[in-house]
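The block underneath contains the structure these notes are about, expressed in structure tokens.
2 protein chains.
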Amino acid sequence: MSTAQYEPNVVLSNVEYDVIGTRPIRHDGADKVTGRAQYGADYNPTGLLHGKILRSPHAHARISSIDTSRARALPGVRAVVTAADLPETEAGVSVDYGEGAMDLAHMRQNVLAQGKALYVGHAIAGVAAINPHIAEEAIGLIDVVYDVLPHVISAPEAMRSDAPILLEGLRTQELGRSLDAPSNVAEHFQHSLGDVDAGFSKADVVIEREFNTATVHQGYIEPQNVTALWNNDGRLHIWTSTQGPFEVRGAVAASLDVPVSQVRVTPMEIGGGFGGKFPLYHDPVAALLSKKTGNPVKIVMSRKEVFEGTGPTSGSYIKVKIGATNDGVITAAQCYLAYEAGAFPGSPVGAAAQCIFTPYDIPNVLIDGYDVVVNKPKAGAYRAPGASNASFAAESVVDELAVKLGFDPIEFRLKNASKEGTRRANGLVFPRIGLVETLEAMRNHPHWNTPLDSPNSGRGVAVGFWMNGGSESSCTIAVNGDGTINLVEGSADIGGTRVSVAMQAAEVLGIRAEDVYPSVVDTDSVGYTSGTGGSSVTFKTGWAAFEAAQHLKEQMIDRLADIWDIGADEIELVQGVFRSRADKELAMTFKELAGQLNSTGGPIVGRAAVSPQGVGGAFAGSIVDVKVDPETGKVDVLRFTMVQDAGKAIHPSYVEGQMQGGAVQGIGWALNEEYYMGDDGGMVNSSLLDYRMPTSLDLPMIDTVIVEVPNPGHPFGVRGVGEVSIVPPPAAIANAIYRAARVRMDRLPMSPGAIMDAVWNK
Amino acid sequence: MSTAQYEPNVVLSNVEYDVIGTRPIRHDGADKVTGRAQYGADYNPTGLLHGKILRSPHAHARISSIDTSRARALPGVRAVVTAADLPETEAGVSVDYGEGAMDLAHMRQNVLAQGKALYVGHAIAGVAAINPHIAEEAIGLIDVVYDVLPHVISAPEAMRSDAPILLEGLRTQELGRSLDAPSNVAEHFQHSLGDVDAGFSKADVVIEREFNTATVHQGYIEPQNVTALWNNDGRLHIWTSTQGPFEVRGAVAASLDVPVSQVRVTPMEIGGGFGGKFPLYHDPVAALLSKKTGNPVKIVMSRKEVFEGTGPTSGSYIKVKIGATNDGVITAAQCYLAYEAGAFPGSPVGAAAQCIFTPYDIPNVLIDGYDVVVNKPKAGAYRAPGASNASFAAESVVDELAVKLGFDPIEFRLKNASKEGTRRANGLVFPRIGLVETLEAMRNHPHWNTPLDSPNSGRGVAVGFWMNGGSESSCTIAVNGDGTINLVEGSADIGGTRVSVAMQAAEVLGIRAEDVYPSVVDTDSVGYTSGTGGSSVTFKTGWAAFEAAQHLKEQMIDRLADIWDIGADEIELVQGVFRSRADKELAMTFKELAGQLNSTGGPIVGRAAVSPQGVGGAFAGSIVDVKVDPETGKVDVLRFTMVQDAGKAIHPSYVEGQMQGGAVQGIGWALNEEYYMGDDGGMVNSSLLDYRMPTSLDLPMIDTVIVEVPNPGHPFGVRGVGEVSIVPPPAAIANAIYRAARVRMDRLPMSPGAIMDAVWNK
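Protein sequence lines correspond, in order, to chains A and B. Just so it is clear: in the first sequence, position 260 is 260 by this note's numbering, and no numbers are missing. Offset between the second sequence (1-based) and this note's numbering: plus 762.
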């Protein structure tokens, strides 16, 4: 029902592209490398006030009172806000963040604690002052009386019957119905396919293992920031680093109880997001401080605040059981997924369930998922949210099965691989997918075929799935007189999507990517565009650009039909030249016609607003060589190859960049990254010195192989490419460690201490 | 040939409008009254350098040498540019400014003098420094050796055979062909209708008079300003106060010899333009300084620089001869118009010729127009450019004829008034126009019918014509989920056009003007839109909004047809409610459907790009009472009524505002404003203290009467309203002075000295 939908069959033939598949320089390249790009922290409007946030020092505490009088009296302080300044909440209203919906009451409680502080770092109050130093000082003058309560920081702990309850009103949604008793389990759901008991009974070997993974952070370099100006006419303007300007618009409007059109969001450049730059943190606080003062108010988080006050991905407890026959056929798989949601419901356990066994065509599957609140920051999305934990568990067991049954790990996976027609545990049936091609590329890769025989070394593989996303997007295209086009879009550009979107318009019009000038504009200046998440932008905004370019092309052909006085259906556009099909002499370049538009009837603008179906899931596989120091347990990654089905790779360099980025984040998650929690329930290592992300010194060059199995649901065959590469690395590294050190690791991170524990336990 | 054209007959019926004709608060109101609106001078990007311009102290001089070494050596100076930094110019290339085209070589010479300085204030060099004070100091360290030449500052002077020649290469275009000899006359053209000699021979009375008018400035409060950043990727971003962002884009690109798409222009808010904020001044200088330094460079003019270095409107010499019969029928009219172009060709004499006799249906007309270069700043457009001078002359003679023939001045004009079908001297035939209705409204107005009998007082009337403009415009509209719309346009908003455009979209969709959120965006973010001049925006961008709203409406009806599963042609949108024509029960409000778009197929965006024909010319008439102090010659305006045909007044308050503004500027021009030139050819009174614009203390309340004779060429009947109100005031005041002091004034301004001269001469 959206605007003219593409007929999938047209482009899946072996079309030779002129622009797609090339590697032009990204349009924002110069701004990014010269430091000209404007990030949120760079925005300093006249009259700017600076905001700071008071945070809870307690993981779980009742707030008896908040006295802001000393803070308000400090010279230079202009306003203080607490939860009392937020609107009252009706129960049961849900707000879509772009990557998951959230209950409005919980969203407001997370913005500013109401009655209880639920994690160390939970925002309690906001102050605006004439400079950040005074604001910081004022924070220290707010007197909060806490009544400290016992806390829980892991899912198994929180699920115990004697666990302290975080949210008194929370009731478990147990397989679709609401239970009576207060609980920390927000939801228990099930995916079921076939009969697992029957399946396991057919297996010759059944392996069941338990796994624990730590909370990890996206680790984007740029901290969250927001500047808000609540204007005298009632309109609120937000400038912020976000993946989803329209989601911010919606969430800010909901949290403040104003219509969405009263909020205008300008997405500043974004220094990394990985899913973490969707949720709402201090935007409503900055807005309320602006309303009270009449001035714009800016809040920029410190690194410690980013760790303690934003949404890392879930720690998890996972139990996996898989059975296979002696001839290597998986007959059944079962798992128990308990994911930490943080202080409010909404972990990515649902996505984990969609991904955990999905690479395999298994007739009998049972998945139990639990969304569990704990006294940690509310979990956010992080690159293929939930899938890396799940695949770490499942792919470790698959590997163990392959070893036990005497199969080559790639051959074992190929033997059981999902393909077109495979029914998944969620009931969906796969269209054309590229897992077999990905596994074959791994098997044929020199990395896999080069012996590794240095001591204490091992090679592991794993594969992973991510479903990718689609949703709404809009695009307008105007023609310049010099034969170039200006393209307006609403997708925040994190990883080079200005160019990957521009290239799809260029392909339609037969012009160069460099002849497209893309602009990412604010929410007042473009049609609704869902956020940059779910690896969706090159798919959906590329589609919008494709449609808008088609719309433009139609109008240009109509114009030329007038000029040439022939029928529009007699004209075709081939490689940037309009031609009469009948009269070979009749030809005009796109550039020539562009130069004549204003004198032949006026300018031409094409537009599209789409909500495309046809999202194509993607598979990736990793091959990794590691060396484990037997004295210290330190793991060195010697070689790493990432193989991924991109569908059609619009701009291969940025696909490779995503693959490398995902691999590196997966390596960090595998080996070092974790929220190290103290006895008081607070994070002990909340700096980038102590929260150990991989640096270039820790990493080999990440080799990449792009597999191209075009997505039949997209005009150019695009699948999402941004996320799946983070899924296989932890499992691949665990499987490599097994071969290097003969220990099966059952937790993330596989830090030196964890490995020595495992070695000693063996 | 543009996008779907409106069928004029539909809306000209007596439609009752819901939004059009009401007076909602303008969308930019809060920003404007609170000081939040961002003007060019407010823009301070990181690393900003400040530019200053060295100007010629001589009205006419050969430049022997420019030595910038001392300036460049001054600490804090980052770059210096002169004409040598501009590209070389091929002859004969013309660039369209939006209000008139200009030869590219002349444009570059005006930006930075090449070889010769042609007026006091002519830019010679630009400096960028770390602050404006150092830049100012550096200007004084540039050593220029001038060879001073004789100068000419009026058209009659410059046309003398022994006059010094400004532009050695200039050849007169004499009735279409190029003459051989160097001359200061750029062009001589003629409009001719019938046979004036025969016409004058039929007249009983023929009056011939000569007039001189001084150079006057638009007097916008905000000086010209520009910030330029020439980025490392070759793209140039310009932030400036302009009426025409796309014209700036084109002119900057031409002046610097780069493609238009390499230039992005962000129109900042504008503190007045009146035609004067079209031409190019320091944009290329700021751009070159940015290119040399790698930093953004801002140049803001002082008031003295605005007077001496920008484009005032032409001083002129005009001779008018009109003949009429004793029964009051004008039989012939002839005029000689010599307009000062300033230092380069391009006065508004062409427009003057279009307007001078146009209020009258005269069978025999001969108009000779001369465009003459003089040693003054290049003339710019100023509200109905050229028409006020011309009408001052023509309407003085018409008044004298009426008196001589014993007619009431309004009745005399009514007797000869142009109407639908009248053939003009330029050969065009009038469609439906509103002059008769305007004159009748004047005749019926209490002001005209209230006796004025205080001593030394008199009442005068005059009428005037302005053709108005159209040209290209673009608009996109997106729907918000709360039932409001975001409207994107490219028209700089000088006088309230955000609201007058928004109202036309609102009318189509049956929503409130307040439910439209208009944004004026940069040239990368909207289709080509010609500038805010020629009173065109409410006409052309209103039309684009009308078309974009229709496009939106069609798509929403299509969506609803899907939802209701009925034919789209069965659905109508009436006052914001979609209804099935057949089933009265089937109804959905615009707001309801807006809220369902994303869940029923995706967002919807409408767009239009138009180049509408059908511009409707407008007439205005003034009634003015003055009192002349017989001792000093000072004129006080006692009462002023402005009557104007607006076509359909979209937002009456802003129509009235334009009428009042035009009246006030016309009063200033009539009584006080002039470039007072010293013997050295420089302006002596280049401050707002000495250049005497009317203040509120000088003025009565300006009464307004809007006449509505809808323009048959526009969907809602819009004519332009911004300019014609400046045309009649000088003549009306002259005619009032005649009745108060019995002198016929033959020059502008009619300052106390001029009046005393006239009295003594009599």
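We put the CB at the ideal spot given by N, CA and C, even for glycine. Keep in mind that this is a model prediction, so the values were computed, not measured.
Item	Value
Complete runs of the alpha helix (DSSP H) confined to the segment 512–579 of chain A [at least 4 residues]	537–564
D1508 of chain B (DSSP reduced to helix, strand or coil)	coil
Contacts of G481 of chain A in chain B (Cβ-Cβ under 7 Å)	V1022
Beta strand (DSSP E) runs wholly inside the segment 197–241 of chain A, at least 3 long, in chain order	205–213, 225–230 and 236–240
Best match in A:G720, A:G350 and A:G323 for proximity to R209 of chain A [C-alpha to C-alpha]	A:G323
W1431 of chain B classed as buried or exposed, judged by whether at least 16 other C-beta atoms fall within 10 angstroms	buried
Three-state secondary structure assigned by DSSP to N735 of chain A	helix
Segments of 3+ residues assigned as beta strand (DSSP E) that fall wholly inside the segment 695–736 of chain A	702–707
Where E1102 of chain B falls: helix, strand or coil (DSSP)	strand
N771 of chain B versus P1474 of chain B: straight-line alpha-carbon distance, rounded	Low local confidence applies: a pLDDT of 29 at N771 of chain B is under 50, so the model's placement there is unreliable, and no value is given.
Backbone CA spacing between V873 of chain B and Y1043 of chain B [nearest angstrom]	5 Å
Alpha-carbon to alpha-carbon, Y382 of chain A and V664 of chain A	14 Å
Cα-Cα separation between N1058 of chain B and A841 of chain B, rounded to whole angstroms	Here residue 1058 of chain B is Pro; the residue named in the question, Asn, does not match the sequence. P1058 of chain B and A841 of chain B: Cα-Cα distance of roughly 12 Å.
Helix, strand or coil at T3 of chain A according to DSSP, with G and I counted as helix	Reliability fails at T3 of chain A, whose pLDDT of 37 lies under 50, so the model's placement of it is uncertain and the value that follows must be treated cautiously. Coil at T3 of chain A, not helix or strand.
Touching by the beta-carbon criterion (3+ pairs, under 8 Å), the segment 1384–1402 of chain B and the segment 1477–1486 of chain B	no
Beta-carbon spacing of R607 of chain A, V1367 of chain B below 8 Å	yes
Segment contact flag, the segment 898–905 of chain B with the segment 1046–1061 of chain B, C-beta cutoff 8 Å, min 3 pairs	no
Span of the beta strand (DSSP E) around T844 of chain B	V839 to T844
Range of the contiguous alpha helix (DSSP H) that encloses G1368 of chain B	G1368 of chain B -> not in any alpha helix (DSSP H); beta strand (DSSP E) instead, spanning V1367 to V1372.
H1209 of chain B in three-state terms, based on DSSP	helix
Per-residue burial, G1231 of chain B [other beta carbons within 10 Å of its own, 16 or more giving buried]	buried
Boundaries of the alpha helix (DSSP H) in which F1352 of chain B is found, first to last residue	F1352 to Q1358
Three-state secondary structure assigned by DSSP to A1432 of chain B	helix
C-alpha gap between L1176 of chain B and H953 of chain B, whole angstroms	24 Å
Partners in chain C for E1234 of chain B, counting only beta-carbon separations shorter than 7 Å	Among the protein chains of the structure shown, namely A and B, there is no chain C.
The alpha helix (DSSP H) enclosing G250 of chain A, as first and last residue numbers	P245 to L256
8 Å Cβ cutoff, A792 of chain B in contact with chain A	yes
Same chain, Cβ closer than 6 Å to Y768 of chain B, five either side skipped, listed in chain order	Legend: pLDDT at Y768 of chain B = 37, less than 50; position of this residue unreliable, no value from coordinates given.
Contacts that R607 of chain A makes with chain B (C-beta to C-beta distance below 8 Å)	T1238, V1367, G1368 and R1369
DSSP-derived helix/strand/coil call for K1181 of chain B	coil
C-beta neighbour in chain B for T589 of chain A, strict 8 Å	no
Cβ of V185 of chain A within 8 Å of any chain B Cβ	no
Integer Cβ distance of E395 of chain A from P728 of chain A, believed to fall under 8 Å	7 Å
Contact set for E187 of chain A: own chain, Cβ-Cβ below 6 Å, skip 5 residues either direction	Q173 and D371
Identified DSSP bridge partners for N486 of chain A	A:A478 and A:Y517
Cα-Cα separation, L1450 of chain B to G1035 of chain B	16 Å
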